[in-house]
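Numbering (the UniProt record's numbering), first residue to last: 1 to 483. C-beta: ideal position from N, C-alpha, C; glycine also. Quick caveat: nothing in here was measured; it's all calculated off a predicted structure.
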(Lines of atoms letter the chains of each structure in order from A and count residues from 1; the text may use other names and numbers.)
(Lines give C-alpha, C1' and ligand atoms only; values in the text may rest on other atoms or scores of the structure.)
Protein backbone atom coordinates (compact mmCIF):
# COMPACT_ATOMS: atom_id res chain seq x y z
CA UNK A 1 0.00 0.00 0.00
CA UNK A 2 1.52 3.35 -0.95
CA UNK A 3 2.38 5.75 1.84
CA UNK A 4 0.40 8.95 2.23
CA UNK A 5 3.67 10.76 2.94
CA UNK A 6 5.47 11.79 -0.25
CA UNK A 7 9.06 10.75 -0.74
CA UNK A 8 9.92 14.37 -1.41
CA UNK A 9 9.58 14.99 2.34
CA UNK A 10 12.81 13.03 2.82
CA UNK A 11 14.50 16.20 1.65
CA UNK A 12 14.92 18.61 4.60
CA UNK A 13 14.80 21.58 2.24
CA UNK A 14 11.45 20.59 0.73
CA UNK A 15 9.99 19.68 4.10
CA UNK A 16 10.94 23.07 5.58
CA UNK A 17 9.46 24.80 2.54
CA UNK A 18 6.24 22.81 3.04
CA UNK A 19 6.19 23.73 6.72
CA UNK A 20 6.62 27.43 5.97
CA UNK A 21 3.81 27.38 3.43
CA UNK A 22 1.59 25.53 5.91
CA UNK A 23 2.27 28.18 8.58
CA UNK A 24 1.41 30.93 6.09
CA UNK A 25 -1.92 29.30 5.22
CA UNK A 26 -2.73 28.75 8.92
CA UNK A 27 -2.02 32.42 9.66
CA UNK A 28 -4.38 33.35 6.83
CA UNK A 29 -7.09 31.12 8.30
CA UNK A 30 -6.48 32.48 11.81
CA UNK A 31 -6.78 36.04 10.52
CA UNK A 32 -10.05 35.22 8.76
CA UNK A 33 -11.48 33.58 11.91
CA UNK A 34 -10.29 35.98 14.59
CA UNK A 35 -10.34 39.40 12.95
CA UNK A 36 -13.34 38.61 10.74
CA UNK A 37 -12.61 41.64 8.53
CA UNK A 38 -15.75 41.38 6.40
CA UNK A 39 -18.09 39.97 9.05
CA UNK A 40 -18.41 36.77 7.04
CA UNK A 41 -17.29 34.45 9.85
CA UNK A 42 -19.62 35.92 12.47
CA UNK A 43 -22.55 36.08 10.05
CA UNK A 44 -22.07 32.44 9.01
CA UNK A 45 -21.78 31.27 12.61
CA UNK A 46 -24.91 33.14 13.69
CA UNK A 47 -27.00 32.11 10.69
CA UNK A 48 -26.15 28.41 11.02
CA UNK A 49 -26.65 28.46 14.80
CA UNK A 50 -30.08 30.03 14.28
CA UNK A 51 -31.11 27.37 11.78
CA UNK A 52 -29.91 24.56 14.04
CA UNK A 53 -31.78 26.09 16.99
CA UNK A 54 -34.97 26.21 14.94
CA UNK A 55 -34.53 22.61 13.78
CA UNK A 56 -33.99 21.35 17.34
CA UNK A 57 -37.09 23.21 18.53
CA UNK A 58 -39.15 21.44 15.84
CA UNK A 59 -37.76 18.05 16.85
CA UNK A 60 -38.25 18.51 20.59
CA UNK A 61 -41.32 20.59 21.52
CA UNK A 62 -41.72 21.22 25.24
CA UNK A 63 -44.73 21.25 27.60
CA UNK A 64 -45.69 24.46 29.36
CA UNK A 65 -43.25 25.20 32.19
CA UNK A 66 -44.09 26.45 35.68
CA UNK A 67 -43.70 30.01 34.43
CA UNK A 68 -46.33 32.69 33.84
CA UNK A 69 -45.80 35.98 32.05
CA UNK A 70 -48.26 38.78 32.80
CA UNK A 71 -48.11 41.36 30.02
CA UNK A 72 -48.92 45.00 30.71
CA UNK A 73 -49.94 46.31 27.30
CA UNK A 74 -52.03 49.16 25.90
CA UNK A 75 -55.29 47.15 25.70
CA UNK A 76 -54.91 46.17 29.38
CA UNK A 77 -54.31 49.74 30.51
CA UNK A 78 -57.20 51.03 28.42
CA UNK A 79 -59.56 48.32 29.66
CA UNK A 80 -58.66 48.62 33.34
CA UNK A 81 -58.87 52.42 33.23
CA UNK A 82 -62.16 52.22 31.32
CA UNK A 83 -62.53 55.93 30.76
CA UNK A 84 -62.01 56.71 34.45
CA UNK A 85 -64.52 54.11 35.65
CA UNK A 86 -61.99 51.35 36.30
CA UNK A 87 -59.59 50.90 39.19
CA UNK A 88 -56.49 51.89 37.22
CA UNK A 89 -55.74 55.58 37.61
CA UNK A 90 -53.44 55.90 34.59
CA UNK A 91 -54.80 55.72 31.06
CA UNK A 92 -51.37 55.32 29.45
CA UNK A 93 -47.85 54.34 30.30
CA UNK A 94 -46.20 55.01 32.74
CA UNK A 95 -48.53 53.80 35.47
CA UNK A 96 -48.81 55.45 38.86
CA UNK A 97 -47.19 53.88 41.91
CA UNK A 98 -50.69 53.21 43.26
CA UNK A 99 -51.41 51.11 40.16
CA UNK A 100 -48.21 49.11 40.67
CA UNK A 101 -49.17 48.58 44.30
CA UNK A 102 -52.57 47.19 43.28
CA UNK A 103 -51.04 44.88 40.67
CA UNK A 104 -48.53 43.43 43.14
CA UNK A 105 -51.23 42.95 45.76
CA UNK A 106 -53.51 41.06 43.38
CA UNK A 107 -50.73 38.87 41.97
CA UNK A 108 -49.54 37.93 45.46
CA UNK A 109 -52.97 36.64 46.43
CA UNK A 110 -54.86 35.52 43.30
CA UNK A 111 -58.51 34.67 43.71
CA UNK A 112 -59.43 31.00 43.88
CA UNK A 113 -56.00 29.50 43.19
CA UNK A 114 -52.61 29.02 44.86
CA UNK A 115 -50.29 31.99 44.97
CA UNK A 116 -47.02 31.89 43.05
CA UNK A 117 -43.79 31.09 44.87
CA UNK A 118 -41.97 34.05 43.32
CA UNK A 119 -42.73 37.20 41.36
CA UNK A 120 -40.32 39.15 39.20
CA UNK A 121 -41.63 42.64 38.57
CA UNK A 122 -39.77 43.70 35.44
CA UNK A 123 -40.44 47.41 35.95
CA UNK A 124 -37.35 49.48 36.65
CA UNK A 125 -37.95 52.16 39.30
CA UNK A 126 -34.72 53.96 38.54
CA UNK A 127 -35.58 57.07 40.58
CA UNK A 128 -38.74 58.53 42.19
CA UNK A 129 -41.03 60.10 39.61
CA UNK A 130 -43.17 62.99 40.86
CA UNK A 131 -45.96 62.58 38.31
CA UNK A 132 -46.43 58.92 39.34
CA UNK A 133 -47.25 59.75 42.96
CA UNK A 134 -45.63 58.74 46.22
CA UNK A 135 -43.20 55.82 46.00
CA UNK A 136 -43.06 55.06 49.73
CA UNK A 137 -46.47 53.28 50.00
CA UNK A 138 -45.26 50.83 47.36
CA UNK A 139 -42.14 50.28 49.46
CA UNK A 140 -44.23 49.59 52.57
CA UNK A 141 -46.30 47.03 50.68
CA UNK A 142 -43.14 45.30 49.47
CA UNK A 143 -41.92 45.17 53.06
CA UNK A 144 -45.19 43.60 54.24
CA UNK A 145 -44.95 40.93 51.55
CA UNK A 146 -41.33 40.28 52.50
CA UNK A 147 -42.19 39.86 56.18
CA UNK A 148 -45.09 37.45 55.55
CA UNK A 149 -43.73 33.88 55.03
CA UNK A 150 -46.97 32.89 53.31
CA UNK A 151 -46.54 35.46 50.54
CA UNK A 152 -44.48 35.00 47.36
CA UNK A 153 -40.92 36.27 47.16
CA UNK A 154 -40.95 39.49 45.14
CA UNK A 155 -37.95 40.63 43.08
CA UNK A 156 -37.81 44.02 41.41
CA UNK A 157 -35.83 44.82 38.29
CA UNK A 158 -32.56 46.22 39.57
CA UNK A 159 -31.07 47.37 36.29
CA UNK A 160 -27.39 46.64 35.87
CA UNK A 161 -23.89 48.00 36.19
CA UNK A 162 -24.52 50.86 33.76
CA UNK A 163 -28.09 51.68 34.93
CA UNK A 164 -28.33 50.97 38.68
CA UNK A 165 -31.30 51.93 40.82
CA UNK A 166 -30.77 55.28 42.53
CA UNK A 167 -30.17 55.46 46.27
CA UNK A 168 -33.36 57.50 46.76
CA UNK A 169 -35.55 54.94 44.99
CA UNK A 170 -33.90 52.03 46.83
CA UNK A 171 -34.56 53.68 50.20
CA UNK A 172 -38.15 54.63 49.35
CA UNK A 173 -38.87 51.02 48.32
CA UNK A 174 -37.64 49.78 51.73
CA UNK A 175 -34.52 48.05 50.36
CA UNK A 176 -36.32 45.52 48.17
CA UNK A 177 -34.88 42.30 46.75
CA UNK A 178 -33.37 43.18 43.39
CA UNK A 179 -32.51 40.98 40.43
CA UNK A 180 -30.19 41.97 37.61
CA UNK A 181 -32.29 42.86 34.58
CA UNK A 182 -29.78 44.61 32.31
CA UNK A 183 -26.21 43.91 31.25
CA UNK A 184 -23.73 44.79 28.59
CA UNK A 185 -21.12 42.93 26.55
CA UNK A 186 -22.78 39.48 26.75
CA UNK A 187 -23.90 39.23 23.13
CA UNK A 188 -26.76 36.75 22.75
CA UNK A 189 -25.99 35.04 26.06
CA UNK A 190 -27.81 35.34 29.38
CA UNK A 191 -25.65 35.83 32.51
CA UNK A 192 -26.65 33.93 35.64
CA UNK A 193 -24.91 36.56 37.77
CA UNK A 194 -23.95 40.12 36.95
CA UNK A 195 -23.20 43.41 38.64
CA UNK A 196 -25.86 45.82 39.86
CA UNK A 197 -23.35 48.66 40.09
CA UNK A 198 -19.84 49.50 39.05
CA UNK A 199 -18.42 48.42 42.42
CA UNK A 200 -21.09 45.91 43.45
CA UNK A 201 -20.49 42.18 43.81
CA UNK A 202 -22.23 40.01 41.22
CA UNK A 203 -25.91 39.42 41.97
CA UNK A 204 -28.37 36.87 40.64
CA UNK A 205 -30.09 37.73 37.39
CA UNK A 206 -33.87 37.49 37.16
CA UNK A 207 -33.96 33.88 35.89
CA UNK A 208 -31.43 32.72 38.49
CA UNK A 209 -33.26 34.39 41.39
CA UNK A 210 -36.59 32.86 40.38
CA UNK A 211 -35.01 29.45 39.77
CA UNK A 212 -33.45 29.36 43.24
CA UNK A 213 -36.75 30.37 44.84
CA UNK A 214 -38.66 27.65 42.97
CA UNK A 215 -36.00 25.11 43.95
CA UNK A 216 -36.41 26.00 47.62
CA UNK A 217 -40.21 25.83 47.37
CA UNK A 218 -40.01 22.40 45.69
CA UNK A 219 -37.46 21.06 48.18
CA UNK A 220 -34.74 20.60 45.55
CA UNK A 221 -31.03 21.04 46.12
CA UNK A 222 -29.93 23.78 43.74
CA UNK A 223 -26.92 25.13 45.60
CA UNK A 224 -24.94 25.03 42.37
CA UNK A 225 -26.84 28.16 41.27
CA UNK A 226 -25.42 30.11 44.25
CA UNK A 227 -21.87 29.89 42.93
CA UNK A 228 -20.38 32.96 41.33
CA UNK A 229 -18.57 32.78 38.04
CA UNK A 230 -21.02 30.38 36.40
CA UNK A 231 -20.91 30.23 32.62
CA UNK A 232 -23.43 32.34 30.75
CA UNK A 233 -26.61 30.63 29.60
CA UNK A 234 -27.20 30.15 25.88
CA UNK A 235 -30.99 30.52 25.84
CA UNK A 236 -32.69 27.81 23.79
CA UNK A 237 -36.00 29.05 22.44
CA UNK A 238 -38.56 26.26 22.17
CA UNK A 239 -42.14 25.77 20.98
CA UNK A 240 -44.83 24.23 23.14
CA UNK A 241 -46.46 20.88 22.47
CA UNK A 242 -49.48 22.33 20.75
CA UNK A 243 -51.06 21.31 17.46
CA UNK A 244 -51.01 24.93 16.31
CA UNK A 245 -47.28 25.32 17.06
CA UNK A 246 -45.39 22.04 16.74
CA UNK A 247 -45.29 19.81 13.67
CA UNK A 248 -41.81 18.95 12.43
CA UNK A 249 -42.44 18.57 8.71
CA UNK A 250 -44.70 21.60 8.43
CA UNK A 251 -42.21 23.86 10.19
CA UNK A 252 -39.23 22.38 8.36
CA UNK A 253 -40.92 22.83 4.99
CA UNK A 254 -41.69 26.43 5.83
CA UNK A 255 -38.04 27.09 6.71
CA UNK A 256 -36.81 25.39 3.53
CA UNK A 257 -39.18 27.48 1.43
CA UNK A 258 -37.99 30.60 3.21
CA UNK A 259 -34.36 29.61 2.57
CA UNK A 260 -35.02 29.10 -1.14
CA UNK A 261 -36.75 32.46 -1.19
CA UNK A 262 -33.71 34.18 0.31
CA UNK A 263 -31.47 32.62 -2.34
CA UNK A 264 -33.78 33.67 -5.16
CA UNK A 265 -34.42 37.08 -3.65
CA UNK A 266 -38.13 37.23 -2.80
CA UNK A 267 -37.80 36.50 0.95
CA UNK A 268 -35.51 38.03 3.55
CA UNK A 269 -35.96 36.10 6.81
CA UNK A 270 -37.51 33.03 8.38
CA UNK A 271 -41.14 33.14 9.42
CA UNK A 272 -41.49 34.09 13.08
CA UNK A 273 -43.72 32.09 15.40
CA UNK A 274 -46.39 33.75 17.48
CA UNK A 275 -45.29 34.45 21.05
CA UNK A 276 -48.21 32.28 22.20
CA UNK A 277 -46.20 29.23 21.05
CA UNK A 278 -43.61 29.71 23.79
CA UNK A 279 -43.63 26.92 26.42
CA UNK A 280 -44.72 29.37 29.11
CA UNK A 281 -48.15 30.45 30.34
CA UNK A 282 -49.10 33.94 29.14
CA UNK A 283 -51.92 36.26 30.17
CA UNK A 284 -52.66 39.92 29.69
CA UNK A 285 -53.05 41.94 32.86
CA UNK A 286 -56.65 42.80 32.01
CA UNK A 287 -57.51 39.09 31.62
CA UNK A 288 -56.95 38.57 35.35
CA UNK A 289 -59.97 40.75 36.14
CA UNK A 290 -63.65 40.60 35.31
CA UNK A 291 -66.38 38.02 35.79
CA UNK A 292 -64.33 35.17 34.31
CA UNK A 293 -60.69 35.93 35.07
CA UNK A 294 -57.92 33.93 33.47
CA UNK A 295 -55.89 31.60 35.62
CA UNK A 296 -52.55 32.87 36.83
CA UNK A 297 -51.32 29.32 37.42
CA UNK A 298 -49.84 27.52 34.38
CA UNK A 299 -51.91 24.57 33.13
CA UNK A 300 -50.74 21.02 33.64
CA UNK A 301 -48.90 21.53 36.93
CA UNK A 302 -49.05 18.87 39.60
CA UNK A 303 -50.99 19.76 42.78
CA UNK A 304 -48.81 21.85 45.03
CA UNK A 305 -46.14 22.41 42.38
CA UNK A 306 -44.69 25.93 42.75
CA UNK A 307 -44.62 28.38 39.88
CA UNK A 308 -43.17 31.80 39.15
CA UNK A 309 -44.76 34.93 37.69
CA UNK A 310 -42.94 37.53 35.62
CA UNK A 311 -44.61 40.90 35.01
CA UNK A 312 -43.40 43.07 32.16
CA UNK A 313 -44.40 45.79 29.73
CA UNK A 314 -45.15 44.68 26.17
CA UNK A 315 -45.25 47.90 24.19
CA UNK A 316 -43.32 48.49 20.95
CA UNK A 317 -42.91 52.18 21.75
CA UNK A 318 -40.72 51.39 24.78
CA UNK A 319 -38.21 49.57 22.54
CA UNK A 320 -37.44 47.00 25.24
CA UNK A 321 -37.16 44.18 22.72
CA UNK A 322 -34.56 41.48 22.07
CA UNK A 323 -34.06 39.25 19.00
CA UNK A 324 -34.85 35.53 19.10
CA UNK A 325 -34.31 32.85 16.43
CA UNK A 326 -37.90 31.59 16.59
CA UNK A 327 -40.11 34.50 17.56
CA UNK A 328 -38.39 37.49 16.01
CA UNK A 329 -38.29 40.55 18.25
CA UNK A 330 -39.81 39.84 21.67
CA UNK A 331 -40.30 41.95 24.78
CA UNK A 332 -37.50 41.73 27.34
CA UNK A 333 -39.66 39.95 29.92
CA UNK A 334 -39.89 36.96 27.57
CA UNK A 335 -36.10 36.64 27.56
CA UNK A 336 -36.11 36.26 31.36
CA UNK A 337 -39.03 33.83 31.16
CA UNK A 338 -37.41 31.59 28.55
CA UNK A 339 -34.09 31.66 30.42
CA UNK A 340 -35.99 30.46 33.51
CA UNK A 341 -37.67 27.74 31.43
CA UNK A 342 -34.22 26.56 30.31
CA UNK A 343 -32.97 26.35 33.90
CA UNK A 344 -36.08 24.51 35.11
CA UNK A 345 -35.77 22.00 32.28
CA UNK A 346 -32.01 21.42 32.32
CA UNK A 347 -30.93 22.49 35.84
CA UNK A 348 -27.12 22.58 36.03
CA UNK A 349 -26.88 20.87 32.63
CA UNK A 350 -28.04 24.08 30.94
CA UNK A 351 -26.43 24.97 27.64
CA UNK A 352 -23.39 27.14 28.30
CA UNK A 353 -21.43 29.70 26.38
CA UNK A 354 -18.16 28.31 25.09
CA UNK A 355 -15.66 30.16 22.92
CA UNK A 356 -14.05 27.43 20.82
CA UNK A 357 -12.20 29.58 18.34
CA UNK A 358 -8.91 27.90 19.24
CA UNK A 359 -10.51 24.56 18.40
CA UNK A 360 -11.53 26.15 15.12
CA UNK A 361 -7.96 27.25 14.46
CA UNK A 362 -6.74 23.70 15.20
CA UNK A 363 -9.31 22.31 12.75
CA UNK A 364 -8.16 24.82 10.13
CA UNK A 365 -4.51 23.83 10.65
CA UNK A 366 -5.30 20.11 10.30
CA UNK A 367 -7.48 20.57 7.23
CA UNK A 368 -4.87 22.76 5.54
CA UNK A 369 -2.25 20.08 6.17
CA UNK A 370 -4.52 17.49 4.55
CA UNK A 371 -5.18 19.80 1.61
CA UNK A 372 -1.47 20.34 1.07
CA UNK A 373 -0.82 16.62 1.40
CA UNK A 374 -3.57 15.91 -1.09
CA UNK A 375 -2.10 18.51 -3.42
CA UNK A 376 1.15 16.54 -3.49
CA UNK A 377 -0.48 13.10 -3.65
CA UNK A 378 -3.00 14.11 -6.28
CA UNK A 379 -3.36 10.97 -8.35
CA UNK A 380 -6.56 9.02 -7.94
CA UNK A 381 -4.72 5.79 -7.05
CA UNK A 382 -2.96 7.40 -4.10
CA UNK A 383 -4.45 8.09 -0.64
CA UNK A 384 -6.26 11.42 -0.31
CA UNK A 385 -5.84 12.19 -4.00
CA UNK A 386 -9.55 11.69 -4.70
CA UNK A 387 -10.49 14.28 -2.09
CA UNK A 388 -7.90 16.92 -2.99
CA UNK A 389 -7.33 16.78 -6.76
CA UNK A 390 -5.02 19.07 -8.63
CA UNK A 391 -6.50 22.43 -9.53
CA UNK A 392 -6.35 22.19 -13.32
CA UNK A 393 -8.05 24.72 -15.52
CA UNK A 394 -8.22 22.12 -18.29
CA UNK A 395 -9.94 19.49 -16.14
CA UNK A 396 -13.54 18.62 -16.75
CA UNK A 397 -15.80 21.18 -15.10
CA UNK A 398 -18.23 18.60 -13.77
CA UNK A 399 -15.41 16.69 -12.05
CA UNK A 400 -14.13 19.82 -10.34
CA UNK A 401 -17.62 20.80 -9.22
CA UNK A 402 -18.32 17.30 -7.94
CA UNK A 403 -15.10 17.23 -5.95
CA UNK A 404 -15.75 20.66 -4.46
CA UNK A 405 -19.28 19.65 -3.46
CA UNK A 406 -17.99 16.39 -2.00
CA UNK A 407 -15.41 18.21 0.10
CA UNK A 408 -18.03 20.69 1.31
CA UNK A 409 -20.44 17.90 2.21
CA UNK A 410 -17.86 15.81 4.08
CA UNK A 411 -16.37 18.77 5.92
CA UNK A 412 -19.77 20.28 6.82
CA UNK A 413 -20.97 16.91 8.13
CA UNK A 414 -17.93 16.60 10.38
CA UNK A 415 -18.34 20.15 11.71
CA UNK A 416 -22.06 19.64 12.41
CA UNK A 417 -21.40 16.28 14.06
CA UNK A 418 -18.83 17.80 16.41
CA UNK A 419 -21.20 20.72 17.08
CA UNK A 420 -23.88 18.26 18.17
CA UNK A 421 -21.41 16.36 20.36
CA UNK A 422 -20.34 19.60 22.03
CA UNK A 423 -23.96 20.40 22.86
CA UNK A 424 -25.07 16.91 23.85
CA UNK A 425 -22.12 15.82 25.98
CA UNK A 426 -20.42 19.10 26.85
CA UNK A 427 -23.61 21.14 27.44
CA UNK A 428 -21.95 23.92 25.49
CA UNK A 429 -22.75 25.96 22.43
CA UNK A 430 -19.43 26.35 20.60
CA UNK A 431 -19.21 29.97 19.50
CA UNK A 432 -17.13 30.48 16.39
CA UNK A 433 -17.21 26.81 15.34
CA UNK A 434 -19.89 26.77 12.65
CA UNK A 435 -18.14 29.50 10.67
CA UNK A 436 -15.72 26.79 9.50
CA UNK A 437 -18.42 25.56 7.12
CA UNK A 438 -18.29 28.82 5.20
CA UNK A 439 -14.56 29.45 5.53
CA UNK A 440 -12.90 26.13 4.71
CA UNK A 441 -14.16 25.59 1.10
CA UNK A 442 -12.77 29.01 0.21
CA UNK A 443 -9.52 28.38 2.08
CA UNK A 444 -9.19 24.97 0.42
CA UNK A 445 -9.25 26.55 -3.04
CA UNK A 446 -6.63 29.08 -1.95
CA UNK A 447 -4.37 26.31 -0.62
CA UNK A 448 -4.69 24.07 -3.68
CA UNK A 449 -4.13 26.97 -6.07
CA UNK A 450 -1.07 28.05 -4.09
CA UNK A 451 0.32 24.52 -4.02
CA UNK A 452 -0.16 24.19 -7.77
CA UNK A 453 1.82 27.38 -8.38
CA UNK A 454 4.54 26.18 -6.03
CA UNK A 455 4.73 22.77 -7.76
CA UNK A 456 5.05 24.44 -11.17
CA UNK A 457 7.81 26.75 -9.98
CA UNK A 458 9.60 23.83 -8.29
CA UNK A 459 9.36 21.83 -11.52
CA UNK A 460 10.87 24.67 -13.55
CA UNK A 461 13.64 25.04 -10.97
CA UNK A 462 14.43 21.32 -11.11
CA UNK A 463 14.54 21.33 -14.92
CA UNK A 464 16.92 24.27 -14.90
CA UNK A 465 19.12 22.50 -12.35
CA UNK A 466 19.15 19.37 -14.51
CA UNK A 467 20.23 21.40 -17.53
CA UNK A 468 23.07 22.94 -15.56
CA UNK A 469 24.27 19.51 -14.39
CA UNK A 470 24.07 17.87 -17.88
CA UNK A 471 27.51 17.60 -19.68
CA UNK A 472 28.00 19.66 -22.80
CA UNK A 473 27.51 17.96 -26.19
CA UNK A 474 30.74 16.43 -27.60
CA UNK A 475 32.59 16.83 -24.31
CA UNK A 476 34.67 14.13 -22.65
CA UNK A 477 33.14 12.59 -19.57
CA UNK A 478 35.32 12.73 -16.46
CA UNK A 479 37.31 9.58 -15.77
CA UNK A 480 37.32 8.36 -19.39
CA UNK A 481 40.77 8.23 -20.96
CA UNK A 482 41.49 9.26 -24.54
CA UNK A 483 42.45 6.82 -27.19
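The beta carbon of residue 325 sits closer than 7 Å to those of 50, 53, 54 and 237, all from its chain and outside the five residues before and after it, given in chain order. Following the DSSP letters along the chain, one finds residue 157 in no alpha helix (DSSP H) but inside the beta strand (DSSP E) bounded by residues 153–157. Around the beta carbon of residue 87, fewer than 16 other beta carbons sit within 10 angstroms, so the residue counts as exposed. Beta-bridge pairing by DSSP links residue 185 to no other residue. Between residue 137 and residue 102, the C-beta spacing is not below 8 Å. Three or more beta-carbon pairs drawn from the stretch 299–312 and the stretch 110–128 are found closer than 8 Å, and the two stretches are therefore classed as touching.
Taken atom to atom, the span from the alpha-carbon of residue 279 to that of residue 402 is near 44 Å. Around the beta carbon of residue 271, a 10 Å sphere encloses fewer than 16 other beta carbons of the protein chains shown; the residue is thus reported as exposed. Within the model, the alpha-carbon separation for residue 227 versus residue 203 is close to 10 Å.
Residue 195: member of the beta strand (DSSP E) spanning 193–195, first to last residue.
Taking a 10 Å sphere around the C-beta of residue 141, we find 16 or more other C-beta atoms and assign the residue as buried. Within the stretch 258–321, the beta strand (DSSP E) runs of at least 3 residues that lie entirely inside it are, in chain order, 281–284 and 308–313.
For residue 448, DSSP records no beta bridge to any residue. Distance check between residue 365 and each of 444, 59, 352 and 78 places 444 closest, using alpha-carbon atoms only.
For residue 235, there is no enclosing alpha helix (DSSP H), as DSSP marks it with neither H nor E.
Nearest C-alpha to residue 290 among 66, 32 and 80: 80. Contact between residue 178 and residue 145 is ruled out by a C-beta separation of about 15 Å, above the 8 Å threshold.
Taking all protein chains shown into account, residue 341 has 16 or more neighbouring C-beta atoms within 10 Å of its C-beta and is therefore buried. Residue state for residue 62 is assigned as strand, using DSSP reduced to three classes. With fewer than three CB-CB distances shorter than 8 Å, the stretch 210–221 does not count as touching the stretch 158–176.
Taking the Cα of residue 232 as reference, the smallest distance to any Cα among 352, 417, 418 and 316 is reached at 352.
By the Cβ-count criterion, residue 13 is exposed, with fewer than 16 other Cβ atoms from all chains shown falling within 10 Å of its own Cβ.
Taking a contact as a CB-CB distance under 8 Å, the pair residue 246 and residue 235 does not count as one, their CB atoms being some 19 Å apart.
By a beta-carbon distance limit of 8 Å, residue 69 contacts residue 337. Their separation comes to about 5 Å. With a cutoff of 8 Å on beta-carbon distance, residue 284 and residue 118 are scored as not near each other. Judged by their CB atoms, residue 184 and residue 162 are nearer to each other than the 8 Å cut-off. Annotation: residue 34 to residue 25 spans about 14 Å, alpha carbon to alpha carbon.
Taking C-beta atoms as the reference points, residue 296 and residue 309 count as a pair closer than 8 Å. The three-state reading of DSSP puts residue 89 in coil, since its state is none of H, G, I, E or B.
By the CB criterion at 8 Å, residue 45 and residue 413 fall outside the cutoff. For the 8 Å CB-CB criterion, residue 368 and residue 22 form a contact. As a beta-bridge residue in DSSP terms, residue 328 pairs with 324.
Approximately 6 Å separates the beta-carbon atoms of residue 73 and residue 315; this is inside 8 Å, confirming the contact.
In the structure shown, residue 96 falls within a coil segment according to DSSP collapsed to helix, strand and coil.
In the three-state DSSP reduction, residue 202 falls in the strand class (E or B).
If you ignore the 5 residues before and after residue 287, its C-beta comes within less than 6 Å of the C-beta of 294, all in its own chain and listed in chain order.
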